[in-house]
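Asker: Same order as they appear, the protein sequences are chains A and B.
Per the working numbering, the very first residue in the first sequence carries number 1; after that it's consecutive.
Per the working numbering, the very first residue in the second sequence carries number 1; after that it's consecutive.
Don't be surprised by glycine CBs; every beta carbon is placed ideally from N, CA and C.
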Amino acid sequence: MQEALPYKTWTSSYSSHEGTSSTSAMKAPTKEDELKKMVSQNAVIVFGKRGCCMIHVVTRLLHGQGVNPAVYEIDEKDENDVVGQLKKLDAGKDDELQLPAVFIGGQLFGGLDRIMATHISGELIPVLKQARALWL
Amino acid sequence: MNSSHTQYISARDMGVYEPINQLSMFADFDENGWPDTSPSLLVEVDTKLDNQSEDTSHETAGDSIKYEETNKRVDKVLRRLAQNREAARKSRLRKKAYVQQLESSRLKLMQLEQELDRSRHQGTYIGGAIDSGPPGCSATMNSGIASFVLEYGNWVEKQDRQICELRNAINADLPDEKLRVLVNDGMAHYSDLFRMKAKAAKADVFYLMSGMWKTSAERFLLWIGGFRPSELLKVLLPHLDLLEQQCSDVYNLIQSCQQAEDAISQGMDKLQQSLVDAVAAGLLGGGSYIPQVANAVEKLKPLVSFIDQADHIRKEILQQMYRTLTTRQAARGLLALGEYFQRLRSLSSLWATRPREPA
Numbered sequence: 001m002q003e004a005l006p007y008k009t010w011t012s013s014y015s016s017h018e019g020t021s022s023t024s025a026m027k028a029p030t031k032e033d034e035l036k037k038m039v040s041q042n043a044v045i046v047f048g049k050r051g052c053c054m055i056h057v058v059t060r061l062l063h064g065q066g067v068n069p070a071v072y073e074i075d076e077k078d079e080n081d082v083v084g085q086l087k088k089l090d091a092g093k094d095d096e097l098q099l100p101a102v103f104i105g106g107q108l109f110g111g112l113d114r115i116m117a118t119h120i121s122g123e124l125i126p127v128l129k130q131a132r133a134l135w136l
Numbered sequence: 001m002n003s004s005h006t007q008y009i010s011a012r013d014m015g016v017y018e019p020i021n022q023l024s025m026f027a028d029f030d031e032n033g034w035p036d037t038s039p040s041l042l043v044e045v046d047t048k049l050d051n052q053s054e055d056t057s058h059e060t061a062g063d064s065i066k067y068e069e070t071n072k073r074v075d076k077v078l079r080r081l082a083q084n085r086e087a088a089r090k091s092r093l094r095k096k097a098y099v100q101q102l103e104s105s106r107l108k109l110m111q112l113e114q115e116l117d118r119s120r121h122q123g124t125y126i127g128g129a130i131d132s133g134p135p136g137c138s139a140t141m142n143s144g145i146a147s148f149v150l151e152y153g154n155w156v157e158k159q160d161r162q163i164c165e166l167r168n169a170i171n172a173d174l175p176d177e178k179l180r181v182l183v184n185d186g187m188a189h190y191s192d193l194f195r196m197k198a199k200a201a202k203a204d205v206f207y208l209m210s211g212m213w214k215t216s217a218e219r220f221l222l223w224i225g226g227f228r229p230s231e232l233l234k235v236l237l238p239h240l241d242l243l244e245q246q247c248s249d250v251y252n253l254i255q256s257c258q259q260a261e262d263a264i265s266q267g268m269d270k271l272q273q274s275l276v277d278a279v280a281a282g283l284l285g286g287g288s289y290i291p292q293v294a295n296a297v298e299k300l301k302p303l304v305s306f307i308d309q310a311d312h313i314r315k316e317i318l319q320q321m322y323r324t325l326t327t328r329q330a331a332r333g334l335l336a337l338g339e340y341f342q343r344l345r346s347l348s349s350l351w352a353t354r355p356r357e358p359a
C-alpha cells in the first residue's frame, strides 16, 4: 500500500554523459530511467515548467481533494527532451503533450484542462481513489 | 517677362516623367506636395537659356565660357528636375498613406455609429468600446478587439431574442421536444461566446481581463474576464425545482466549482506576484530598465492561459448542468441566467443615467 508522499519537488538537472554506452544513442539513459521511476513510484505527479503558475493551480486543486502530488519542475533548456521522454512513457498517444502534465497511477492523465473538466464532472475523485492517491 | 511659353501640366496628368527635353512642361510643387500653379523656377531657367542664346555681348573669347555656363545651367536644370521627381514621388506616397488612414478611420466611425445606435435602441450600455476607459487610457483598440466588440453586441441582441422565446415557450407549456431545441440553441449560443472570447484573448488579453466589453455592473462582479461560475450556480439554484436525487449532484457541482475557482484565483495571485517582482527588480538602478521590463513581458504570457482556463470552467459548469437537469429545468435555468444578465445590464444603464445632484 502506497503511503501519501510528502510534498517533494525534484528539479531536472542534466549532467552530460560522454561516451556512455546506451541502446538509445540520443538521450542519456539515466534521465529516462529517473523519469520512469518517478512516474511509477508516485500516485500523482505533476510535470511543469519551472516557475509556471499553472503548476500551482493544479497542485492547489489536488491538495483541496486531499492529495499530495509530487511536482517535477523542468528547466527551460531541458523542456523538449523531458517532454519527448514523457510522451514515450505514455504509450499509444501521438498528440502533443502539454505542460503542466499530470500522471496518475503511472499513466498520463492529461493537462490542466482534463483535470478541471473531470473535477467538475465528478470523475476525478474515483480516478484518484483507484490510483491510491487518496482514500476515505 | 515670360517670353518662352511654358505649359502648365500637373505631374498627375503625366503618368510618367517625360525625358529632359520637355523641361518646359514641368510644373513645380508647393510645400504640401500638391502641384501648384505658381510659375516654376524652370520658367526662369528656360527664359535664361533663351536669353542666353540671344546674348551677343560675350561672343568670341567667351564662347567656351558660354558653353560651360550653359552646361552648368543645364546641370542645374537636370538637378532641379530630379528633385522635382523625388518631391512628386514623396507627395504621392504621403497622399496614399493619408487616404488609407482616412479609409480606416471611416470604417471605425461606421462601427462606432452602429454601436451607438444599437445601444440607444436597446437602452443597454455597451461600455468601454467608446470612451468609458479611465482617464489617460489610450483607447487604441486593435481590429481583433473592435470586431469582438461588434460581435458581442450582436451576441447580446440574439441572447435577448432567445430569452424571449424561452419565456414564451415555458409559459405556453410547450412539450419537451420543443423546449429541448431551445435549450440546445441556448447552449450553442454560449459556446459561441466562449469561442469569440478565445479569439479576443489572443488579440488583447488585457482588454478581456478588464471586462470593458461588458456593462459596468457586470464589470463590478467580474472574475478573470467573465462571470463567476459559482455565483451563477447559487443564483440559479432556488429556481430550478430540483428533485431529491439531483440535490447532492448540484451541491457537489457548486463545491467543485468553488474549488476550481479557488485554484485558478490562487494561480492568478502567484502570477501577479511574479509580475510585480519582475517589474520591480533592481529599482533605483539608474535609468535603463529595459531588461526588467522585457523579463516582465515573459511573466505576462500565461495570462491568456488563465482566461482560457477560467472560460473552460464556465463551459464545463454549463455542460454539467445540462447533463444533470431535465429539459424543463434546463430551460428554466437558461431563462433565469439570461434574465439575470439582462437585469445587470439594465442596472448599469440605470446607474449611468441616474439623476445627480448638481456639483
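Measure the C-alpha to C-alpha separation of Cys164/B and Ala352/B and round it to an integer number of angstroms.
Answerer: Cα to Cα, Cys164/B sits roughly 25 angstroms from Ala352/B.
Asker: On the DSSP bridge list, what partners appear for Val102/A?
Answerer: Per DSSP, Val46/A, Gly110/A.
Asker: Do you know how far the Cα of Glu69/B is from the Cα of Leu49/B?
Answerer: Only weak support exists for where Leu49/B lies, its pLDDT of 47 falling under 50; the value from the coordinates is given anyway. So the alpha carbons of these two residues sit roughly 10 angstroms apart.
Asker: Taking CB distances under 8 angstroms as the criterion, tell me whether Ile317/B reaches chain E.
Answerer: No chain E appears in the structure shown, which is made up of the protein chains A and B.
Asker: State the Cα-Cα distance for the pair Ser248/B and Arg219/B, rounded to the nearest angstrom.
Answerer: If you take the alpha carbons of Ser248/B and Arg219/B, they lie about 32 angstroms apart.
Asker: Please report the distance separating the alpha-carbon of Gly127/B from that of Leu116/B.
Answerer: Since pLDDT at Gly127/B reaches only 44, below the 50 mark, its modelled position is unreliable, and no value is offered.
Asker: Taking Ile115/A and Val58/A to be in contact with their CB atoms under 8 angstroms, please state how far apart those CB atoms are, rounded to whole angstroms.
Answerer: At roughly 6 angstroms, the Cβ-Cβ gap stays under 8 angstroms, so Ile115/A and Val58/A are in contact.
Asker: Could you tell me which of His56/A, Lys37/A, Lys36/A sits nearest to Leu99/A, measuring between CA atoms?
Answerer: Residue His56/A is the option with its Cα nearest to Leu99/A.
Asker: Can you find at least 3 beta carbon pairs, one from the segment 292-308 of chain B and one from the segment 325-339 of chain B, that sit closer than 8 angstroms?
Answerer: Output reads no: the segment 325-339 of chain B does not touch the segment 292-308 of chain B.
Asker: Could you spell out the range, first to last residue, of the beta strand (DSSP E) harbouring Glu73/A?
Answerer: 70-74 is the span of the beta strand (DSSP E), which, as asked, contains Glu73/A.
Asker: Tell me which residues of the segment 306-340 of chain B have at least one Cβ-Cβ distance to chain A shorter than 7 angstroms, keeping chain order.
Answerer: Listed by position along the chain: Gln309, His312, Ile313, Glu316, Ile317, Gln320.
Asker: Counting contacts by CB-CB distance shorter than 8 angstroms, is Asn184/B in contact with chain A?
Answerer: Asn184/B does not count as touching chain A.
Asker: What do you get for Leu108/A, buried or exposed, if any count of 16 or more other CB atoms within 10 angstroms of its CB means buried?
Answerer: Its Cβ being crowded by 16 or more others within 10 Å, Leu108/A is buried.
Asker: Excluding five sequence neighbours on each side, which residues of the same chain lie with their C-beta closer than 7 angstroms to the C-beta of Ser230/B?
Answerer: Excluding residues within five positions, the ones whose Cβ falls inside 7 angstroms are Ile254, Cys257, Gln258, Glu261.
Asker: Answer yes or no: does any C-beta atom of chain B fall closer than 8 angstroms to that of Gly110/A?
Answerer: Taking Cβ atoms only, chain B never reaches closer than 8 angstroms to Gly110/A, which makes this a no.
Asker: Could you tell me the alpha carbon to alpha carbon distance between Arg80/B and Glu298/B, rounded to whole angstroms?
Answerer: Near 53 angstroms, if we compare the C-alpha coordinates of Glu298/B and Arg80/B.
Asker: Assuming Phe194/B is part of the alpha helix (DSSP H), what are its boundary residues?
Answerer: Run containing Phe194/B: 176-203, per the alpha helix (DSSP H) assignment.
Asker: Does Ile224/B come out as helix, strand or coil in the three-state DSSP assignment?
Answerer: The answer is coil: DSSP assigns Ile224/B none of H, G, I, E or B.
Asker: Measuring straight from C-alpha to C-alpha, what distance separates Leu107/B and Tyr152/B?
Answerer: One C-alpha to the other measures close to 18 angstroms.
Asker: Any C-beta of chain A sitting closer than 8 angstroms to the C-beta of Leu233/B?
Answerer: No - not a single Cβ of chain A is within 8 angstroms of the one on Leu233/B.
Asker: Only counting the same chain, and skipping five residues up and downstream in sequence, which positions put a Cβ closer than 8 angstroms to that of Met196/B?
Answerer: Excluding residues within five positions, the ones whose Cβ falls inside 8 angstroms are Phe148, Glu151, Tyr152, Trp155.
Asker: Of all the CB atoms in chain B, is at least one closer than 8 angstroms to the CB of Gly48/A?
Answerer: With 8 angstroms as the cut-off, Gly48/A does not count as an interface residue toward chain B.
Asker: Give the residues from the segment 97-121 of chain A that approach chain B closer than 7 angstroms (Cβ to any Cβ), ordered along the chain.
Answerer: Taking 7 angstroms as the Cβ-Cβ cut-off against chain B, the residues of the segment 97-121 of chain A that qualify are Leu112, Asp113, Met116, Ala117, His119, Ile120, Ser121.
Asker: How should Asp33/A be labelled, buried or exposed, when 16 other C-beta atoms within 10 angstroms of its C-beta is the threshold for buried?
Answerer: Counting Cβ neighbours within 10 Å, Asp33/A comes out exposed, since fewer than 16 surround it.
Asker: Does DSSP put Ser288/B in a helix, in a strand, or in coil?
Answerer: In this structure, Ser288/B counts as coil in the three-state DSSP scheme.
Asker: Output the boundary residues of the alpha helix (DSSP H) element that contains Lys315/B.
Answerer: Segment 303-324, the alpha helix (DSSP H) holding Lys315/B.
Asker: Distance, Cα to Cα, Leu222/B vs Lys234/B?
Answerer: Going by the C-alpha atoms only, they are around 16 angstroms apart.
Asker: By alpha-carbon positions, which one of Lys37/A, Arg50/A, Lys31/A, Val67/A ends up nearest to Lys129/A?
Answerer: Residue Val67/A is the option with its Cα nearest to Lys129/A.
Asker: Could you please give the first and the last residue of the uninterrupted alpha helix (DSSP H) stretch that includes Leu350/B?
Answerer: 327-352 is the extent of the alpha helix (DSSP H) around Leu350/B.
Asker: The alpha helix (DSSP H) that contains Asn252/B, what's its start and end?
Answerer: Asn252/B -> alpha helix (DSSP H) spans 244-280.
Asker: Check Val99/B in the structure and name its three-state DSSP category.
Answerer: Looking at Val99/B - three-state DSSP - the assignment turns out to be helix.
Asker: According to DSSP, simplified to helix, strand and coil, what is Asp75/B?
Answerer: The answer is helix: DSSP assigns Asp75/B an H, G or I state.
Asker: Quick check: what's the CA-CA separation for Thr118/A versus Leu124/A?
Answerer: Approximately 5 angstroms between the Cα atoms of the pair.
Asker: I think Asp311/B touches Ala198/B, with their Cβ atoms under 8 angstroms apart; what is that distance to the nearest whole Å?
Answerer: Their Cβ separation, rounded to whole angstroms, is 7 angstroms, which keeps Asp311/B and Ala198/B in contact under 8 angstroms.
Asker: Skipping 5 residues on each side, what residues in its chain have a beta carbon closer than 7 angstroms to that of Tyr322/B?
Answerer: Excluding positions up to five away in sequence, the list reads Met187, Ala330.
Asker: Rounded to whole angstroms, what is the Cα-Cα separation between Val250/B and Tyr98/B?
Answerer: Going by the C-alpha atoms only, they are around 59 angstroms apart.
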